[in-house]
Ligand SMILES: [Zn+2]
Ligand SMILES: [Zn+2]
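Residue numbers (my numbering): 6 to 268.
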């Protein structure tokens with residue numbers, strides 16, 4: 006069986022955990038080494054049990070603790086070549102035998118877990134997210150994208166579980182205190198997905214087997230958990246989905262891991 010936890014999610018740091026009988030993988034280490042250890046304690050796991058760390062892109066909210074924990078626990082790191090180049094000077098020296106290239110648009114097997122990488126639209130070197138396939142079950146992780154293209158929808162559709170970006174409420178962002186240049190970046194095609202756009206994209210990819218949707222990477226300044234969930238629920242309901250019957254929608258938190266859940 007495949008289990009997962011959204012360890013931390015938001016602009017202050019991201020980390021996602023997935024395990025099967027044979028492998029224990031971390032996706033991103035966007036909090037300090039110490040905070041990463043505390044998150045692992047909360048789900049009753051140890052960093053030294055990890056078999057690898059997958060990296061999505063080089064923004065600091067995804068790699069802040071990466072170098073520290075990879076060195077301390079001698080963990081292999083997987084990233085595409087452009088991401089490696091972009092983050093090399095940010096994470097410090099990593100021994101060559103811990104560096105692995107995971108190209109965009111490929112599938113890599115970790116024992117009984119197949120991990121598929123796919124590109125997103127975001128202002129990093131070559132950002133990519135992952136679909137986890139295990140014994141017919143499908144788990145999708147997608148945040149940090151300006152929009153969800155038809156190509157991406159084709160790859161992520163009909164998952165059992167979605168961890169899906171719901172970054173901001175467009176009105177809160179527009180009215181908020183951010184300078185216009187940052188607002189423009191967030192709203193752009195290489196920024197982040199709004200609550201409304203998350204819902205519209207989800208409407209296209211939810212399948213009969215979809216049971217859980219986790220709203221992720223919420224902006225601290227331009228969103229609220231309640232608002233994100235309400236917006237997504239309302240939009241999905243208006244499209245004929247029965248939220249709470251067909252599937253449930255869950256929050257994620259910048260500091261508190263979701264409990265380990267089976268897919
Ligand atoms: Zn991010
Ligand atoms: Zn980012």
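Backbone N, C-alpha and C fix where the C-beta goes; we use that ideal spot for every residue, glycine too. Note that the structure is predicted; figures quoted are calculated from it, not measured.
Can you check whether the CB of residue 137 is closer than 9 Å to the CB of residue 148?
Start at 1 with the first residue of the chain shown, and residue 148 comes out as number 143. Start at 1 with the first residue of the chain shown, and residue 137 comes out as number 132. No. Outside cutoff.
DSSP beta-bridge partners of residue 252
Locating residue 252 in the chain shown gives position 247, where the first residue counts as 1. For residue 252, which the question treats as bridged, DSSP gives the partners 248.
Between residue 61 and residue 225, how many whole angstroms is the CB-CB distance? I'm expecting something under 8 Å.
The residue you call residue 61 lines up with position 56 of the chain shown. The residue you call residue 225 lines up with position 220 of the chain shown. Incorrect: roughly 20 Å between the Cβ atoms, too far for contact.
So if DSSP puts residue 124 in a beta bridge, which residue, or which two residues, is it bridged to?
Counting from 1 along the chain shown, the entry for residue 124 is found at position 119. BP columns for residue 124 point to 133.
Residue from 213, 193 and 218 whose Cα sits closest to the Cα of residue 204
If you number the chain shown from 1, residue 204 lands on position 199. If we check each option's Cα against that of residue 204, 218 comes out closest.
Around ligand 3, what residues have a beta-carbon under 5 Å from a heavy atom of it, in chain order?
What this structure holds is ligand 1 and ligand 2, not ligand 3.
How is the beta strand (DSSP E) around residue 161 delimited, first residue to last?
Residue 161 sits at position 156 when you count from the first residue of the chain shown. Element bounds for residue 161: not the beta strand (DSSP E) but the alpha helix (DSSP H), 155 to 161.
Which listed residue (112, 47 and 82) has its alpha carbon closest to that of residue 98
For the purposes of this step, residue 98 is taken as residue 93 along the chain shown, with counting starting at 1. Out of 112, 47 and 82, 82 has the C-alpha closest to the C-alpha of residue 98.
With hydrogens ignored, establish whether the beta-carbon of residue 67 is closer than 8 Å to any heavy atom of ligand 1.
For the purposes of this step, residue 67 is identified with residue 62 of the chain shown, where counting begins at 1. Yes, ligand 1 has a heavy atom inside 8 Å of this Cβ.
Run of the beta strand (DSSP E) containing residue 52, from where it starts to where it stops:
Within the chain shown, numbered from 1, the residue matching residue 52 stands at position 47. First-last for residue 52: undefined, no H or E at that position.
DSSP beta-bridge partners for residue 20?
Counting from 1 along the chain shown, the entry for residue 20 is found at position 15. In DSSP, residue 20 forms a bridge with 13.
For residue 19, is the beta carbon positioned less than 8 Å from some heavy atom of ligand 1?
Here residue 19 refers to the residue found at position 14 when the chain shown is read from its first residue. Because some heavy atom of ligand 1 lies under 8 Å away, the Cβ of residue 19 counts as near it: yes.
Enumerated in chain order, which unbroken segments of the alpha helix (DSSP H) with a length of 4 residues or greater are wholly contained in the region 55 to 82?
65 to 68 and 71 to 78
If you draw a straight line from the C-alpha of residue 235 to the C-alpha of residue 87, how long is it?
Within the chain shown, numbered from 1, the residue matching residue 235 stands at position 230. Within the chain shown, numbered from 1, the residue matching residue 87 stands at position 82. Going from the Cα of residue 235 to the Cα of residue 87 covers about 38 Å.
The region 27 to 46 contacting the region 117 to 130, beta-carbon criterion three pairs below 8 Å:
yes
CA-to-CA distance, residue 53 to residue 37, given in whole angstroms:
As a first step, residue 37 must be located in the chain shown, where it is residue number 32. As a first step, residue 53 must be located in the chain shown, where it is residue number 48. Taking the straight line from one Cα to the other gives about 16 Å.
Measuring from the CB of residue 242, is there a heavy atom of ligand 1 at a distance below 8 Å?
Residue mapping note: residue 242 aligns to position 237 of the chain shown, counting from 1. The answer is no for residue 242.
Consult DSSP for residue 241 and reduce its assignment to one of helix, strand or coil.
Residue 241 sits at position 236 when you count from the first residue of the chain shown. DSSP places residue 241 within a helical segment (H, G or I) once states are collapsed to three.
Could you say which of 191, 110 and 181 lies nearest to residue 161 if we only look at CA atoms?
Translated into positions along the chain shown, residue 161 becomes position 156. Considering only alpha carbons, the answer is 110.
Once DSSP output is grouped into helix, strand and coil, what is the label at residue 32?
If you number the chain shown from 1, residue 32 lands on position 27. In this structure, residue 32 counts as strand in the three-state DSSP scheme.
Given 8 Å, three or more beta-carbon pairs between the region 228 to 244 and the region 151 to 168
no
From residue 96 to residue 238, what distance separates their C-alpha atoms?
If you number the chain shown from 1, residue 96 lands on position 91. If you number the chain shown from 1, residue 238 lands on position 233. Distance between the alpha carbons of residue 96 and residue 238: 39 Å.
Would you mind listing the beta strand (DSSP E) stretches within the region 199 to 225 that are 3+ residues and don't spill past its ends, in chain order?
The region 199 to 225 contains these whole beta strand (DSSP E) runs: 217 to 221.
Same chain, Cβ closer than 6 Å to residue 145, neighbours up to 5 away in sequence not counted:
Along the chain shown, read from residue 1 onward, the residue named residue 145 stands at position 140. These residues qualify, in order along the chain: 136, 161, 164 and 167.
Going straight from the alpha carbon of residue 156 to that of residue 92, what length do you get?
Mapped onto the chain shown, residue 156 falls at position 151. Mapped onto the chain shown, residue 92 falls at position 87. The straight-line gap from Cα to Cα measures roughly 27 Å.
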